[in-house]
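**Q**
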Amino acid sequence: MPTQPLHVIEIIRRIPDCSTEPFLCRCDDGELYVIKGMPSVPRVQLIAEWISAHIAKSLGLSLPDFGMAYVDRALTQYIPEWKNALYEGHAFATKFIPGVAPITFSQAHKNVAEQEQKKIYLFDKWINNSDRNLSPQAGNVNIIYDYQNDRYYLIDHNLAFDQNVDEDAFDYHVYAPRHRSWIFDIVDKPLCEDELIRSKAILPVCIDLIPDEWLPETEEARIECFEKIEELLNRNDTDVFWSNIK
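Positions 1 to 246 (the UniProt record's numbering) are the ones given, in order, by the sequence shown.
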């Protein structure tokens, strides 16, 4: 996606399958995007989406192209449902990928390479994203699968950086120990440590690019928001964090 924000030129419909019910829109580059904006997605969750996407990209994980798109009030003002769910301003935009569906448990374990499974699990533990649960029976995995191209994409990181998430919340993660045979071994850790250090270095740039309307309303709340994110990401320097990566 372009480095400058796109502009939404057409709202096509809402997407009811997602918890935040984002909007399918066409932007001024002619492409379709999934748009998440306030108030349906709160400020801190937009920040979480933005930072998580940059970190995932830095780690080499597969996710749709993403960026920002500006929504003009004229697109929503005559449709009450839209007007109350999508305010004017910057929104989080991810490229729409046709022909995808939520990945199945079998696909998640057979069509995703083992090293990528490890990286996804580590990524979610690092950013405190417990919203990727899946068992053979059911779950909300937030991974979509492109059948035609045999490719997965990670989506929906608005619940990342939750300070209240504990280790038990990851018991049913799609790649939790109960769901796989591999383990993190002595070879994985040093490689992963280097990747996390490198990815964490992009945080200041990510924060600088966040639009003002996404920021918490008070200076105190802004400081607290980013301090909590930084605190979570700094756990990679602790033995406690790595002891819980198994």
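C-beta: ideal position from N, C-alpha, C; glycine also.
Which parts of the region 110–151 are runs of the beta strand (DSSP E), unbroken and 3 residues or longer, counting only runs that do not cross its ends?
**A** If we require 3 residues or more, the beta strand (DSSP E) runs fully inside the region 110–151 come out as 143–146.
**Q** In whole angstroms, what is the alpha-carbon distance linking V205 and N244?
**A** In the sequence shown, counting from the first residue as 1, residue 205 sits at position 205. In the sequence shown, counting from the first residue as 1, residue 244 sits at position 244. When rounded, the distance between both Cα atoms is 29 angstroms.
**Q** Confirm, please, whether the CB-CB distance from A53 to T3 is below 9 angstroms.
**A** As a position in the sequence shown, residue 3 is number 3, starting the count at 1. As a position in the sequence shown, residue 53 is number 53, starting the count at 1. No, the pair does not count as a contact, with Cβ atoms beyond the cut-off.
**Q** Can you tell me which of D239, Q107, N149 and E230 puts its alpha carbon nearest to the alpha carbon of P136?
**A** Position 136 of the sequence shown, counted from the first residue, corresponds to residue 136. The shortest Cα separation from P136 among D239, Q107, N149 and E230 belongs to Q107.
**Q** Should N140 and A160 be called a contact, given that it needs their Cβ atoms to be closer than 9 angstroms?
**A** Residue mapping note: residue 140 aligns to position 140 of the sequence shown, counting from 1. Residue mapping note: residue 160 aligns to position 160 of the sequence shown, counting from 1. No. Outside cutoff.
**Q** Mind checking which residues open and close the alpha helix (DSSP H) that includes C225?
**A** To locate residue 225, count along the sequence shown from 1; it is residue 225. Where C225 is concerned, the enclosing alpha helix (DSSP H) stretches over E219 to L233.
**Q** Would you give the residue range spanned by the alpha helix (DSSP H) that F92 belongs to?
**A** Here the question's residue 92 lines up with position 92 in the sequence shown. No alpha helix (DSSP H) contains F92, which is instead part of the beta strand (DSSP E) from G89 to K95.
**Q** Are C192 and K119 touching if we call contact CB-CB under 9 angstroms?
**A** Stepping through the sequence shown from its first residue, residue 192 is reached at position 192. Stepping through the sequence shown from its first residue, residue 119 is reached at position 119. Yes.
**Q** For the beta strand (DSSP E) that contains K36, what are its first and last residues?
**A** Looking up residue 36 in the sequence shown gives position 36. Taken as a continuous stretch (DSSP letters only), the beta strand (DSSP E) holding K36 covers L32 to K36.
**Q** From which residue to which residue does the alpha helix (DSSP H) around P206 run?
**A** Your numbering for residue 206 matches position 206 in the sequence shown. Note on residue identity: the sequence assigns Cys, not Pro, to residue 206. Where C206 is concerned, the enclosing alpha helix (DSSP H) stretches over L203 to D208.
**Q** Candidates D131, D194 and Q117: which alpha carbon is nearest S181's?
**A** Mapped onto the sequence shown, residue 181 falls at position 181. Nearest C-alpha to S181: Q117.
**Q** Compare the C-alpha of F92 against each of A201, E224, I143 and C27 and name the closest.
**A** In the sequence shown, residue 92 corresponds to position 92, counting from 1. Selected option, being the one with the closest Cα: C27.
**Q** Spatial neighbours of F96 within its chain, please: C-beta separation below 7 angstroms, excluding the five flanking residues on both sides.
**A** To locate residue 96, count along the sequence shown from 1; it is residue 96. Hits under 7 angstroms: L24, L32, Y33 and V34.
**Q** Does the distance from the CB of H173 to the CB of A56 come in under 9 angstroms?
**A** Counting from one through the sequence shown, the residue named residue 173 turns up at place 173. Counting from one through the sequence shown, the residue named residue 56 turns up at place 56. Cβ atoms of H173 and A56: not closer than 9 angstroms.
**Q** Ordered along the chain, which non-local residues of its own chain (more than five positions away) have a Cβ less than 6 angstroms from that of L46?
**A** As a position in the sequence shown, residue 46 is number 46, starting the count at 1. The residues are F92 and W214.
**Q** DSSP puts F66 in a beta bridge; with which residues?
**A** Your numbering for residue 66 matches position 66 in the sequence shown. According to DSSP, F66 bridges with T94.
**Q** Give the DSSP-derived three-state secondary structure of C192 in the structure shown.
**A** As a first step, residue 192 must be located in the sequence shown, where it is residue number 192. The answer is helix: DSSP assigns C192 an H, G or I state.
**Q** Quick check on the burial criterion: 16 or more other C-beta atoms within 10 angstroms. Buried or exposed for K36?
**A** Against the sequence shown, residue 36 aligns to sequence position 36. K36 should be labelled buried.
**Q** Assuming F105 and L61 are in contact, meaning their beta carbons sit under 8 angstroms apart, how far apart are those beta carbons, in whole angstroms?
**A** Numbered from 1 along the sequence shown, position 105 holds the residue referred to as residue 105. Numbered from 1 along the sequence shown, position 61 holds the residue referred to as residue 61. With 8 angstroms as the limit, F105 and L61 do not qualify as a contact, their Cβ atoms being about 19 angstroms apart.
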